[in-house]
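Count the sequence shown with mature numbering (1 follows the signal peptide of the UniProt record, and there is no 0) and you get residues -24 to -1, 1 to 411, in order. For glycine and all other residues, C-beta sits at the position ideal for the given N, C-alpha and C. For reference, the structure is listed below as structure tokens.
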Amino acid sequence: MMRSTVQKSLAVLTAGVVALSAAACGGGNGAAGAAGDGAASAWALTGGSETVFRASFDRWNEAHPDAKLTSEWFANDAFKEKIRTAVGSGNSPTLVFSWAGGTLADYVDNDAVADISDAVAPLLQNIIPSVAANGQIDGKTYAIPNNQSQPAILYYNQDLFDQVGVPVPTTYDELLTAVAKLSDAGIIPIALAGQSKWPELMYIQYLTDRIGGTEVFQSILDGEPDAWSDPAVAEALTKIQELVDAGAFGDSFGSVAADAGADTALVHTGKAAMVLQGSWVYPDFLNNAPDFVTSGTLGFANFPAVTTGTGDPANIVGNPANFWSVSASASVAEQKTATDFLKAETYSDEAIDEFLAVGAVPPVLGLEDKIAAADSPEYLSFVYSMVTDAPHFQLSWDQALPSDQAQQLLDNLSQIFLKQITPETFVDNMNATLG
């Protein structure tokens, strides 16, 4: 889908950056390597879906020695810069990893990715249509989902809530009460990876939606003049600074990085009570603190409602999934290897089982029985229901917006959290990016 939202739509063990195999090490320049005439390449993120992707690459390479896929792996923030440069210079890998949204629209506008509609049509029949739609522009498919749906979830340490005697918040007012009690007890109420900037988006997105509904950001997305001046935006920003003033994020959130998993570590080590993060962090909890998960100490909930707002509290934000596109600059043989791989391995039975085994829920139709038989049925069912029952699933704003506007958003929002600018200045700065 174009720079639009998702209606009725509806992570894994970090393996480290090691070579897939001697024949499957990427060359660093996006080239496909020398495994055969049909050799192709892929770049993807460490952590998250890494182990599932590695297993699928392994299966493919074993079965197709003359059409191997090489791979390179990057931390989230480093990847975004590298892939932007590579695609812009025509040196991208054959398989291009993205969040769809505005980034995909830019790729399509610049003829950087191929139309793969015919090649992947059978695969799309098994994917939740509203998620698959994020990879479609003007009726053509340029990207397909490749991993799990990723709503932003409020994870919490139940022991810390029991310790201070407050319930897990279901409304914004209850959140303020919990923040005060936790802070008084010397506990960081909410872990926040402010150094990475993008985790802060979840707060403005949820609060704006809870206060003003889905139409507020849709107007921004449509580029309507002064769309950032909607009162819901200013109120959301005011509430963010209210949380900062209340000590919700502690004193050092600006130095906490998401790529290192420092925010989730604060929760499972008992230093912070909550973290608002995407579902991709659940495998980090499972890998780094298995007893914390299996004991039931890790809890999960939707973002609190704003009782005075007009937005539906069942709405969610995050990423419907990540996506694979195929580079338009790749050779015909490389493109065929890439699309054949997508048809064979994306959401294969093996891949679905591997996703579920590590607590990730792919956007595939009819998963109820598999979820019930998985190792973490309560969590997996929560995520699957959260996504399938949501009246509205908003793509992360930094991915929905064009890249130049997205960077301005990240920078200005960081200044809001650091109390360096006022909501009024934020609104003026962001209105200047429209049109």
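Between Leu377 and Leu100, the gap from beta carbon to beta carbon reaches 9 Å or more. Secondary structure of His40 (DSSP, three-state): coil. Listed in chain order, the non-local C-beta contacts of Ser74 below 6 Å within the same chain comprise Leu80, Phe299, local neighbours out to five positions each way being set aside.
Taking C-alpha positions only, Asp138 is separated from Lys157 by approximately 11 Å.
Judged by pairs of C-beta atoms under 8 Å, the region 123 to 131 touches the region 271 to 281, as three or more such pairs exist.
Val302 sits in a strand when the DSSP states are folded into three classes. Nearest to Leu385 by alpha-carbon distance, out of Met406, Ala248, Trp204, is Met406.
Look at Gly294 here: in three-state DSSP terms it is strand.
With a beta-carbon spacing of about 17 Å, Ile292 and Pro145 fall beyond the 8 Å limit used to define contacts. When DSSP states are grouped into helix, strand and coil, Val340 belongs to the strand group.
Within the same chain, Cβ atoms closer than 7 Å to the Cβ of Leu332 are found at Lys346, Ile347, Ala350, Leu356, the five residues on either side in sequence being excluded.
Taking a contact as a CB-CB distance under 8 Å, the pair Ile216 and Ile392 counts as one, their CB atoms being some 6 Å apart.
Distance from the CA atom of Ser106 to the CA atom of Pro121, rounded to whole angstroms, is 11 Å. With respect to the 9 Å criterion, Val340 and Ile180 are not classified as neighbours on the basis of their beta carbons. Only exposed fits Lys116, as fewer than 16 other CB atoms lie within 10 angstroms of its CB.
Rounded to the nearest whole angstrom, the C-alpha separation of Thr46 and Ile328 is 22 Å.
No Cβ-Cβ contact shorter than 9 Å links Ser255 with Gln112. Secondary structure note for Glu400: its alpha helix (DSSP H) is the uninterrupted segment 399 to 407. Assignment of Lys395 by DSSP, reduced to helix, strand and coil, places it in the coil class. Only residues of its own chain outside the window of five on either side were considered, and among them Lys157 have a CB closer than 8 Å to the CB of Gly141, listed in chain order. Looking at the DSSP output, Glu48 bridges to Trp19. Contact annotation: Asp202 and Leu410 have beta-carbon atoms nearer than 9 Å. The DSSP-derived three-state label of Val209 is helix.
DSSP, reduced to helix, strand and coil, places Tyr323 outside both helices and strands of the structure shown, so it counts as coil. Here Thr240 is buried. Its C-beta has 16 or more other C-beta atoms within 10 Å. The three-state secondary structure of Leu371, taken from DSSP, is strand. In the three-state DSSP reduction, Ile103 falls in the strand class (E or B).
For Ile129, the enclosing beta strand (DSSP E) begins and ends at 126 to 133.
For Lys173, the number of other beta carbons within 10 angstroms of its own is at least 16, and it is reported as buried. If the five residues before and after Trp49 are omitted, its C-beta is found closer than 8 Å to the C-beta atoms of Val(-8), Trp19, Ala20, Leu21, Thr22, Glu26, all from its own chain and listed in chain order. The beta-carbon separation of Tyr360 and Leu343, rounded to 6 Å, stays under the 8 Å limit for a contact.
Listed as beta-bridge partners of Met250 by DSSP are Tyr132, Ile166. Following the DSSP letters along the chain, one finds Gly77 inside the alpha helix (DSSP H) bounded by residues 77 to 85.
Counting other Cβ atoms within 10 Å of its Cβ, Asn37 reaches 16 or more and is therefore classed as buried. Comparing C-alpha distances from Ala108 to each of Ser301, Val403, Asp316, Asn388 shows the shortest one belongs to Ser301.
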